[in-house]
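Encoded as structure tokens, the structure appears first; notes follow it.
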Amino acid sequence: MAGLKVGTLAFVDNCLRFDDGDIPVFPDKLTTWDGTTLTFAGEEYRMGDEISLGGGSPVEGATVSIPIPKSCGNGIIIIVSPPSRAEG
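Take the sequence shown: its position 79, counting from 1, is numbered 71 in this note's numbering, and each next residue is one higher.
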């Protein structure tokens, strides 16, 4: 399911996620994380910042080929889409 996710970033139990427990998976080439600041598509975000992301959840039964630490919990995985050119 694709859509827009709006939420507040949190870093809990060594896991970057939304404060509601959902887990964003960002595209590697557009994203850096230095332990305190998330940089995505040239924009910087800190914990507690609100962020709006396009993307969606994997289809039922699909697997995500990146490691998601168990400490992240069982939140919904959101595969983040790169921003469209119109957004940037």
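Think of the CB as a built atom: it goes at the ideal place given N, C-alpha and C, for glycine as much as any other residue. Computed from a predicted structure; not experimentally measured.
TODO: Drop a sphere of 10 angstroms on the beta-carbon of V(-2), count the other beta-carbons inside from all chains shown, and report buried for 16 or more, exposed for fewer.
DONE: With fewer than 16 other Cβ atoms within 10 Å, it is exposed.
- [ ] Determine the contact status of V17 and I69, defining contact as a CB-CB distance below 8 angstroms.
- [x] In contact: V17 and I69 (Cβ atoms closer than 8 angstroms).
TODO: Give the secondary structure of F10 by DSSP, where H, G and I count as helix, E and B as strand, and everything else as coil.
DONE: Secondary structure at F10: strand, using DSSP grouped into helix, strand and coil.
Open item on the list: Once the 5 residues before and after F32 are set aside, which same chain residues still bring their CB inside 7 angstroms of it?
Closed with: Taking F32 as the centre and dropping the five residues before and after it, the same chain places the C-beta of F18, L22 and T23 closer than 7 angstroms to its C-beta, in chain order.
- [ ] Give the single residue among K62, S44 and I58 whose Cα lies nearest to the Cα of S76.
- [x] Of the listed residues, the one whose Cα sits closest to S76 is S44.
Task: Candidates D14, G40, G65 and N66, of which the one nearest W72 by Cα - done: A quick correction: the sequence has Val, not Trp, at residue 72. When the alpha-carbon of V72 is set against those of D14, G40, G65 and N66, the nearest one is in D14.
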